[in-house]
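Numbered according to the working numbering, the sequence shown spans residues 1395 to 1611.
For each residue, glycine too, the CB sits at the ideal point set by N, CA and C.
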Amino acid sequence: MSRRARIGAVALAAALAGCLPLAPARAEPGAMFGDPAKAAQYWARQSYDNNCVLMSVAGVVGQITGRMPGEQEVIDVAQHLPSVAHQGKTVFTDVNNGELVNSLDIVALLGHYGVGATTSEQSNAGAALDALKSALGSGHAALVPVSSRVIWHVDEADRGPSDHEVVVTGVDADHGVVHLNDSGTDDGRDAQLPVANFTSAWAAGDYELTVTQQTVQ
C-alpha cells in the first residue's frame, strides 16, 4: 500500500465513529493480549496485489460482526464508496492498476459495515506496542501498516516504506511473539513474528494504528 496520508486522521475518525477511550488491557503481564486463535477464522488470502487493506478491513468486520465480507463484496463496496482522502474519487478503483487504498479511507470503509474506528500514531516502538496491547487486551480489533520486506523476511536490513496492511490479532508478551492475520501470503492465517521484527516492520508505517470502537464477538 502507498505511503500513508495521516493529517487529520484522528479527528476524522472521531467524527465518523465517536472517539471513546480504551479500557485498561485485561491481560496480566506475561499473558496473551487478544485472541488470535478465535480471530484466525476471519482470514482469507487476497487474490490481487493491491487489496491488502480491503482484506484486512474484511477480517476486522468479521471479528466485530461475526460475518466476514467476501473479497469481491468488499471490492465492490470500495469501488462505490466515496473517498475521504481523494475528493471526487472512490476508495478503490481497480484491482489491476496497482492503485492502493489511503489510510484515511480505512475508517470510512469500516464505517460502511457499521464498525466505528479511530486511527492514531505513536512516536516510538514502546509506546506503540503499549497502545496495541491495550487495544487487543480490552477486546478491540486492530489494523496496522507494515513493510512487507520485513514481515516476509525478504530484506530485514532494508525495510523500505510501509506497503502492506495486516490485522494484529494477538501479542504474546511471555514469548515475545506478535500474531497476525496477513492476507498477502498463503500461510498468513495466525502468522507469528518476533516482537522485534514486527516493530521494525511497523516502524515503516510510523506506528500507525487503527482500532475499532466496538469489541470483538
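1. My output table needs one value for valine 1562: the three-state DSSP class, helix, strand or coil.
2. Please say whether glutamate 1602 and cysteine 1446 have beta carbons closer to each other than 8 angstroms?
3. Distance check for proline 1555 and aspartate 1348, CA to CA, integer angstroms please.
4. Give me, in chain order, the residues of the same chain whose beta-carbon lies closer than 8 angstroms to that of aspartate 1580; leave out the 5 immediate sequence neighbours on both sides.
5. Rounded to whole angstroms, what's the CA-CA distance from aspartate 1488 to aspartate 1568? Just pull it up for me.
6. With DSSP collapsed to three states, give me the class of valine 1610.
7. To which residues of the same chain is proline 1430 closer than 6 angstroms at the C-beta, ignoring the five residues directly before and after it?
8. Is serine 1593 helix, strand or coil by DSSP?
9. Just to confirm the assignment, what range does the alpha helix (DSSP H) spanning glutamine 1481 have?
10. Have a look at the DSSP bridge pairing and note the partners of glutamine 1586.
11. Could you work out which residue in His1534, Val1495 and Gln1466 is closest to valine 1605 when comparing CA atoms only?
12. With a threshold of 7 angstroms on Cβ separation, who are the neighbours of glycine 1578 within its own chain once the five nearest residues in sequence on each side are excluded?
13. What does serine 1514 pair with, by DSSP beta-bridge criteria?
14. Would you please state the rounded distance, in angstroms, between the beta carbons of leucine 1530 and glycine 1599? I believe it to be under 8 angstroms.
15. Below 6 angstroms CB to CB, which residues in the same chain sit around proline 1418 once its five sequence neighbours on both sides are set aside?
16. Please look up how many angstroms separate the CB atoms of leucine 1504 and valine 1451, rounded, as I've assumed it's under 8 angstroms.
17. I need the boundaries of the alpha helix (DSSP H) containing alanine 1434, first residue and last residue.
18. To the nearest angstrom, report how far apart proline 1415 and valine 1495 are at their CA atoms.
Once the coordinates are examined:
1. Here residue 1562 corresponds to residue number 168 of the sequence shown, with the count starting at 1. Valine 1562: strand per DSSP, three-state reduction.
2. Residue mapping note: residue 1446 aligns to position 52 of the sequence shown, counting from 1. Residue mapping note: residue 1602 aligns to position 208 of the sequence shown, counting from 1. Glutamate 1602 sits away from cysteine 1446, with the two beta carbons spaced by 8 angstroms or more.
3. The requested residue 1348 does not occur in the structure, where the chain is confined to residues 1395 to 1611.
4. Along the sequence shown, one-based indexing puts residue 1580 at 186. If the five residues before and after aspartate 1580 are omitted, its C-beta is found closer than 8 angstroms to the C-beta atoms of Arg1439, all from its own chain and listed in chain order.
5. In the sequence shown, counting from the first residue as 1, residue 1488 sits at position 94. In the sequence shown, counting from the first residue as 1, residue 1568 sits at position 174. Those two C-alpha atoms are separated by around 42 angstroms.
6. One-based indexing of the sequence shown puts residue 1610 at position 216. Judged by DSSP in its simplified three-state form, valine 1610 adopts coil rather than helix or strand.
7. Here residue 1430 corresponds to residue number 36 of the sequence shown, with the count starting at 1. Excluding residues up to 5 positions away in sequence, Thr1563, Gly1564, His1573 and Asp1584 lie with their Cβ nearer than 6 angstroms to the Cβ of proline 1430 in the same chain.
8. Translated into positions along the sequence shown, residue 1593 becomes position 199. It should be noted that the sequence gives threonine, not serine, for residue 1593. Helix at threonine 1593.
9. In the sequence shown, residue 1481 corresponds to position 87, counting from 1. No alpha helix (DSSP H) holds glutamine 1481; DSSP gives it neither H nor E.
10. Taking the first residue of the sequence shown as 1, we reach residue 1586 at position 192. Bridge partners of glutamine 1586: His1573.
11. The residue labelled residue 1605 in the question sits at position 211 within the sequence shown. Relative to valine 1605, the option among His1534, Val1495 and Gln1466 whose CA is nearest is His1534.
12. By one-based count along the sequence shown, residue 1578 stands at place 184. So the list reads Gln1440, Cys1446, Ser1542 and His1558, once near-sequence residues are dropped.
13. Start at 1 with the first residue of the sequence shown, and residue 1514 comes out as number 120. Partner(s): Leu1603.
14. One-based indexing of the sequence shown puts residue 1530 at position 136. One-based indexing of the sequence shown puts residue 1599 at position 205. About 17 angstroms; that fails the 8 angstroms criterion.
15. Reading the sequence shown from its first residue, position 24 is the one you call residue 1418. Unreliable placement is indicated for proline 1418, whose pLDDT of 43 sits below 50; no coordinate value is reported for it.
16. Within the sequence shown, residue 1504 is the residue found at index 110, counting from 1. Within the sequence shown, residue 1451 is the residue found at index 57, counting from 1. The Cβ separation is near 6 angstroms, so the contact holds.
17. Translated into the one-based positions of the sequence shown, residue 1434 becomes position 40. Segment: none, alanine 1434 is in no alpha helix (DSSP H) and carries neither H nor E.
18. Residue numbering aside, residue 1415 sits at position 21 when the sequence shown is read from its first letter. Residue numbering aside, residue 1495 sits at position 101 when the sequence shown is read from its first letter. Confidence is the limiting factor: at proline 1415 the pLDDT is only 41, short of 50, which leaves the residue's position unreliable, though a coordinate-based value still follows. Approximately 27 angstroms, taken between the alpha carbons.
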